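Take a look at the structure below.
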Amino acid sequence: TFISQLYVFLLDEMHRSLDKSLNIQEPESVPPSRNTDAQLRIFALEAESNGDYLLAAHYYKQRLAQNPDKLRPWLDFAAFHLLVNDLTKAEECLKECIAIEPTNSTVSILYAVLNAILENNEIADLFFETATTEDSENVIAWTLYAIFQKHIGNEKNAQITLGKAEKLQRAILKNEEEQGATAANITVTSPISDEKRAEEEEKERPIGEEKEDTGKSSDSQLNVASKSRLSRSSRSSKQKQEKSKSVVNEQISTRKSQDISSTIEVEKVASKKSIYLKSAEFLLKYNLATWAEKALAFEFLANTGKDHQVEITLAKAKILQQDFSSAETHITQALSIDYENVEAWALWGHVKYLQLDFEAAKGRYQRTLVFAEKPPDLHTVYIRLGAILLSEGNESSYSEAKEIFLRACRYQPTCTTYLGLGVACYRLNQYDDAEEALTEANFLNNQNAEVWGYLTLICLQTKRYIEAEQSYKYAIKLDLPAGPLLDEINAVQRQVGFGDPSF
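Residue numbers (our numbering): 376 to 878.
Structure below.
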């Protein structure tokens, strides 16, 4: 025993001395990213909507580097590869998802559909069966399994599977009707209306309590302003500050009240959707447009009546396939059924934008923002409308672009929203505001050459020699492309006589 212990001790000492002599060190850990997973996801989706797939892939890879063992980043990366039609890499990502969470029904469904597209029918059948076994009450899983059975010509199994999906759907609707009736009974038995109750509570409230509430709301406004870092207290009067804060407060309170009041209505609408429409919407979340169309084809066979939601879903599928004329047809049909459908108007704006008909896109986006209800892709509407306004190149459009990008920054701050705000302020000769916005953009993404380009212009205009030269170096290092911005920088450099290291 003593000999064996001595041997182990000497072996450990030998390893220590070898490590010291060879100077073996553990590799340094990767420094943590300043952005959270949720932020990186937003940035990636924004890059997708802008058509910058290289940047989107970069953000998805950053998410995976931060959380390699989490399901959601891999699932989103799979959806990205499906968007760019790289089925091989999408399959690899879904395999990673299966390794992380083998019993996840969403992953099983997506892997089954992908293999059905690749004509690996045995694997597809296996994973559809896995999805329906692990999550036996999943209506979408049963519906897509039935569509797959029809796809491979197995009509008998398709009918059985479809029957299970319809049975589950009826059970869900019945359960929600009972819950709705119970809620209605509770409301009916309440003897005091909401308005009267509010009046009584107002009478009973102590005098000092109202002031406390006001103080709390003003604190929340200050928090919002500090987060956006766009308060300009040192450069504007108190009157302007109070006005801007009240606007922010109104927008935030309106948005919260809309979210609360619409939650129940949205859930009711979602439950009343047919099994095929639910399945199509699920598939479109992951950019599986061809199978979404399959599901909607069965919807048309099952229901002869017109449904604006079906038309909108078909339009989304056509946009993914870049069939813009067909998408526009479905959108106009949806609007003929429901003319004030905000999602249809937003989609119509997207179609016109992708067709490079910017004037038409602008009109449809502006109409979208008039409605009290906001579209699901409000961030994209803000970004694209702001870009169109900036391109018009006149003072009124710059002012309108500034307002749009301000709203975008409050709604969902990203490098793109702050860059747009900074550009609008720069064009209006508001250099302090422009620099503040561009600094925020740089904080969110310090690898954006365009941000450094506009910071260069601001430093040139404000006669800051060293900073102008440094910003210009960064812009060139990050491959600022030849074009109007670089030409403008060079023209201003020649005009002021500094800012270029070659001078």
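The beta carbon of each residue, even a glycine, is placed where N, CA and C say it ideally should be.
Just so you know, these numbers come straight off a predicted model, no measurement behind them.
Under the criterion of beta carbons closer than 8 Å, Cys472 and Leu493 do not qualify as touching, at roughly 17 Å.
Ranked by Cα distance from Gln730, the first of Leu753, His754, Ala709 and Phe699 is Phe699.
Minimum Cα-Cα distance from Ala816 among the listed residues Gly738, Arg742 and Val826 corresponds to Val826. Look at Lys436 here: in three-state DSSP terms it is helix. By the neighbour-count criterion, in which 16 or more other beta carbons inside 10 Å mark a residue as buried, Val871 falls on the exposed side. Rounded to the nearest whole angstrom, the C-alpha separation of Ala677 and His683 is 16 Å. Per DSSP, Gln868 is one residue of the alpha helix (DSSP H) stretching across Pro859 to Val871. Taking the Cβ atoms as the reference, Ala521 lies roughly 4 Å from Leu537, within the contact range of under 8 Å. Looking at the backbone, the Cα of Pro750 and that of Leu415 are separated by about 22 Å. By the neighbour-count criterion, in which a residue is buried when 16 or more other Cβ atoms sit within 10 angstroms of its Cβ, Asn662 is buried.
By the CB criterion at 8 Å, Phe455 and Ala431 fall inside the cutoff. Cβ neighbours of Thr688 within its own chain (closer than 8 Å, five residues either side excluded): Leu652, Ala655, Glu656, Leu659, Ala667 and Leu671. In this structure, the alpha-carbon of Phe452 lies about 11 Å from that of Gln437. Each of Asn496, Ser392 and Lys542 was checked against the Cα of His526, and the nearest Cα belongs to Asn496.
Note that the C-beta distance between Gly795 and Gly761 is below 8 Å.
For the 8 Å CB-CB criterion, Ala690 and Ala709 form a contact. Classified as buried, Gln868 has 16 or more neighbouring CB atoms from the shown chains inside 10 Å of its CB.
For a cut-off of 8 Å, the C-beta gap from Ser846 to Leu830 is around 4 Å, short enough to register as a contact.
The C-beta separation of Ile833 from Glu811 comes to about 10 Å, leaving the pair out of contact by the 8 Å criterion.
By the neighbour-count criterion, in which 16 or more other beta carbons inside 10 Å mark a residue as buried, Phe523 falls on the buried side.
Judged by DSSP in its simplified three-state form, Val459 adopts coil rather than helix or strand. Rounded to the nearest whole angstrom, the CA to CA distance from Lys549 to Asn513 is 16 Å. Bounds of any alpha helix (DSSP H) do not take in Asn479, whose DSSP letter is neither H nor E.
The three-state reading of DSSP puts Leu835 in helix, counting H, G and I together.
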